[in-house]
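*Asks:*
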Amino acid sequence: MTESVEQALAQYRWAAEYLLGLIQGPPSPPPGATTEEIRARAKARLERLAGFLDFIGRPQDAYPSVHVTGTSGKGSTATFIASILTQAGYRTGLHLSPYLQVETEKLQISGRLLPADRFARYVAELDGLVGSWTARGGQRLTYGEFWVALTFLAFARERVDVAVVEVGAGGRFDLTNVLQPEVAVITSVGLDHVRTLGPTLLDIAWHKAGIIKDGRPAVTTVTDPGPLAVIRQEAELQAAPLDVLYPGQDYAELECDEQGSRMLDLRRGRVYRIGLPGRFQVANAAVAIAAVEKLGHLPRGEVSAETIAAGLEQARIPGRVEVVQVTPQVVLDGAHNPDKVGALLESLRCLRHPRRRIVVYGVLEGHDATAMAQQLSAAADQVVVTAPAAVQREHAPLELLVETFQAQGCPAVAIPEPLEAVDWALEQAEPDDQVLVTGSLYLVGQARERWYPASEIVLQCSCWPLITTRQGERAS
Numbered sequence: 168m169t170e171s172v173e174q175a176l177a178q179y180r181w182a183a184e185y186l187l188g189l190i191q192g193p194p195s196p197p198p199g200a201t202t203e204e205i206r207a208r209a210k211a212r213l214e215r216l217a218g219f220l221d222f223i224g225r226p227q228d229a230y231p232s233v234h235v236t237g238t239s240g241k242g243s244t245a246t247f248i249a250s251i252l253t254q255a256g257y258r259t260g261l262h263l264s265p266y267l268q269v270e271t272e273k274l275q276i277s278g279r280l281l282p283a284d285r286f287a288r289y290v291a292e293l294d295g296l297v298g299s300w301t302a303r304g305g306q307r308l309t310y311g312e313f314w315v316a317l318t319f320l321a322f323a324r325e326r327v328d329v330a331v332v333e334v335g336a337g338g339r340f341d342l343t344n345v346l347q348p349e350v351a352v353i354t355s356v357g358l359d360h361v362r363t364l365g366p367t368l369l370d371i372a373w374h375k376a377g378i379i380k381d382g383r384p385a386v387t388t389v390t391d392p393g394p395l396a397v398i399r400q401e402a403e404l405q406a407a408p409l410d411v412l413y414p415g416q417d418y419a420e421l422e423c424d425e426q427g428s429r430m431l432d433l434r435r436g437r438v439y440r441i442g443l444p445g446r447f448q449v450a451n452a453a454v455a456i457a458a459v460e461k462l463g464h465l466p467r468g469e470v471s472a473e474t475i476a477a478g479l480e481q482a483r484i485p486g487r488v489e490v491v492q493v494t495p496q497v498v499l500d501g502a503h504n505p506d507k508v509g510a511l512l513e514s515l516r517c518l519r520h521p522r523r524r525i526v527v528y529g530v531l532e533g534h535d536a537t538a539m540a541q542q543l544s545a546a547a548d549q550v551v552v553t554a555p556a557a558v559q560r561e562h563a564p565l566e567l568l569v570e571t572f573q574a575q576g577c578p579a580v581a582i583p584e585p586l587e588a589v590d591w592a593l594e595q596a597e598p599d600d601q602v603l604v605t606g607s608l609y610l611v612g613q614a615r616e617r618w619y620p621a622s623e624i625v626l627q628c629s630c631w632p633l634i635t636t637r638q639g640e641r642a643s
């Protein structure tokens, strides 16, 4: 290992360890907290971060932004938007949350992860600014607060032309909601993070709608009448023009295969090829196009149909119906709520039909683990449940998951260590079988290490580093 490689990895490790050191407790509110207490706690965090950002000069105002939320599809949609804008020649910042393997996945510049030296430099700079802030009586920032401030500072220092920012959870009280975006995007409303955002779909829609800002356009593919009414009400309150896209009226799927999908844009009479696999990506691509069109005031003017086509086809995101190995086929997907599992199972029909499907499954507590297990049972021939590792977060009980699968008539075993669970599944698989790794994004990230080591991701500033696979034929 050369000195420059060692230095880059050391810089990354220092910054990543600094950030992890800011985690002081579970991210969820204490047991028994009321809805009012949960909202007050979240609002106080948002106000603290806003005060700090004011103190350092509001870096988030240095560039126009697009703000993206949704129960499902927000990461893919943000990736589509950023890819289109990058193809249009803009220096584009992309903030995704959470990351799969390395922290710099959350800080991308025109399709590349932020290099380790600049990542460490901005962490050190922000640490100094936090020191000045606390010396004047301000409170220290939590992990989440520091990360959002780091994102906005890094994008300002990198002189991005535009930033695309994915919400962490919800929207109204999410830490990213200090933005005054040019466009707000709401991809979907479903049951997830119910304890902090729910309990009903209307409550969750209210949180999502909170990213709509005064007079700024908003776009959505939410069409369920109840949640859509909540979003419309917020748009009217903010005097914000709202563009609603309907399947079959504004867009339609033409076909889906292992290379992606073809989408018919019914508004413009265009057919687009979508590089990301999965039937659900058609709606995400449609709302991404609508969002980009609301950015017509950018220096280069309207984005051409050819640029949109290139952006949709070249967009990539790890851990979303991602085929990482061909023989036997291995698919990674972070489906961590029932809606996402339903979308995953529908999208698997786009891939080749396996002789058997072996599922590696693990989720954290707080998600509807048993409901997802019941959904997966119908599509699995064998399941191995495992325990994704997450800082100060507990995984769903493995014994309960095994019992749930077995009660549905699906054979299941428990192997706590994720990589051992993946290895076991691969040992069981024949060449024409499929291994599906799904559930927590933490699990997907830990499994993905087998094909794409984190160190190479850091060094090559890419989620798809060029390396030699350890087993099987890796997907191109």
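In the numbering used here, the protein residues as written are 168 to 643.
Ideal Cβ positions, reconstructed from N, Cα and C, are used throughout, including at glycine.
Quick check: what's the CA-CA separation for residue 476 versus residue 244?
*Replies:* Along the sequence shown, one-based indexing puts residue 476 at 309. Along the sequence shown, one-based indexing puts residue 244 at 77. Whole-angstrom Cα-Cα distance: 14 angstroms.
*Asks:* Identify every residue that forms a DSSP beta bridge with residue 262.
*Replies:* Stepping through the sequence shown from its first residue, residue 262 is reached at position 95. Residue 262 pairs with 332.
*Asks:* Measure from the alpha carbon of residue 385 to the alpha carbon of each residue in 489, 237, 597, 461, then state which is nearest.
*Replies:* For the purposes of this step, residue 385 is identified with residue 218 of the sequence shown, where counting begins at 1. Among 489, 237, 597, 461, the Cα nearest to that of residue 385 belongs to 461.
*Asks:* Out of 262, 277, 317, which has the shortest C-alpha to C-alpha gap to residue 293?
*Replies:* Reading the sequence shown from its first residue, position 126 is the one you call residue 293. Ranking 262, 277, 317 by Cα distance to residue 293 puts 317 first.
*Asks:* In terms of residue numbering, what span does the beta strand (DSSP E) encompassing residue 428 cover?
*Replies:* Translated into positions along the sequence shown, residue 428 becomes position 261. Where residue 428 is concerned, the enclosing beta strand (DSSP E) stretches over 427-432.
*Asks:* Who are the near neighbours of residue 415 in its chain, counting only those whose CB is closer than 7 angstroms to its CB and skipping five residues on each side?
*Replies:* Position 248 of the sequence shown, counting from 1, holds the residue named residue 415. Closer than 7 angstroms at the Cβ level, and outside the excluded window around residue 415, lies no residue.
*Asks:* Specify, as a first and last residue, the run of the alpha helix (DSSP H) that residue 369 falls within.
*Replies:* Residue numbering aside, residue 369 sits at position 202 when the sequence shown is read from its first letter. Residue 369 -> alpha helix (DSSP H) spans 368-376.
*Asks:* At what residues does the beta strand (DSSP E) containing residue 422 begin and finish?
*Replies:* Counted from its first residue, the sequence shown places residue 422 at position 255. First-last of the beta strand (DSSP E) with residue 422: 418-424.
*Asks:* Sorry if obvious, but does the Cβ on residue 509 come closer than 7 angstroms to a heavy atom of the ligand FAD?
*Replies:* The ligand FAD is absent from the structure shown, which contains no ligands of any kind.
*Asks:* Quick one: what does DSSP say residue 631 is sitting in, helix, strand or coil?
*Replies:* As a first step, residue 631 is located in the sequence shown; it is residue number 464 there, counting from the start. In this structure, residue 631 counts as coil in the three-state DSSP scheme.
*Asks:* Less than 8 angstroms separating the beta-carbons of residue 453 and residue 251?
*Replies:* In the sequence shown, counting from the first residue as 1, residue 453 sits at position 286. In the sequence shown, counting from the first residue as 1, residue 251 sits at position 84. Contact flag unset, no.
*Asks:* Going by C-alpha distance, which of 438, 353, 437, 283 is nearest residue 380?
*Replies:* Stepping through the sequence shown from its first residue, residue 380 is reached at position 213. Ranking the options by Cα distance to residue 380, first place goes to 353.
*Asks:* Quick one: residues in its chain with C-beta nearer than 6 angstroms to the C-beta of residue 610, no 5 flanking neighbours on either side, listed in chain order?
*Replies:* Here residue 610 is taken as the residue at index 443 of the sequence shown, counted from 1. 529, 555, 585, listed in sequence order.
*Asks:* Using only CA atoms, which one of 551, 557, 218 lies nearest to residue 567?
*Replies:* Numbered from its first residue, the sequence shown carries residue 567 at position 400. Closest by alpha carbon: 551.
*Asks:* Alpha carbons only, please: which of 238, 179, 234, 411 is nearest the one belonging to residue 330?
*Replies:* Working through the sequence shown from its first residue, we reach residue 330 at position 163. Of the listed residues, the one whose Cα sits closest to residue 330 is 234.
*Asks:* List the whole-angstrom C-beta distance separating residue 522 from residue 597, where the pair is believed to meet the contact cut-off of C-beta under 8 angstroms.
*Replies:* On the sequence shown, residue 522 is found 355 positions in, with the first residue counted as 1. On the sequence shown, residue 597 is found 430 positions in, with the first residue counted as 1. Rounded, the Cβ-Cβ distance is 7 angstroms, consistent with contact.
*Asks:* Use the C-beta contact count for residue 178: other C-beta atoms within 10 angstroms, 16 or more gives buried, fewer gives exposed.
*Replies:* Working through the sequence shown from its first residue, we reach residue 178 at position 11. Label assigned to residue 178: buried.
*Asks:* Tell me whether residue 367 is buried or exposed, calling it buried when 16 or more other Cβ atoms sit within 10 Å of its Cβ.
*Replies:* Sequence index remark: in the sequence shown, residue 367 carries index 200 (1-based). Residue 367 is exposed by the Cβ-count criterion.
*Asks:* For residue 631, I'd like the list of residues in its chain whose CB is within less than 8 angstroms of its CB, leaving aside the five on either flank, ordered along the chain.
*Replies:* Mapped onto the sequence shown, residue 631 falls at position 464. So the qualifying residues of the chain are 483, 485, 619.
*Asks:* Between the stretch 278-288 and the stretch 172-187, do three or more beta carbon pairs fall short of 8 angstroms?
*Replies:* Output reads yes: the stretch 172-187 touches the stretch 278-288.
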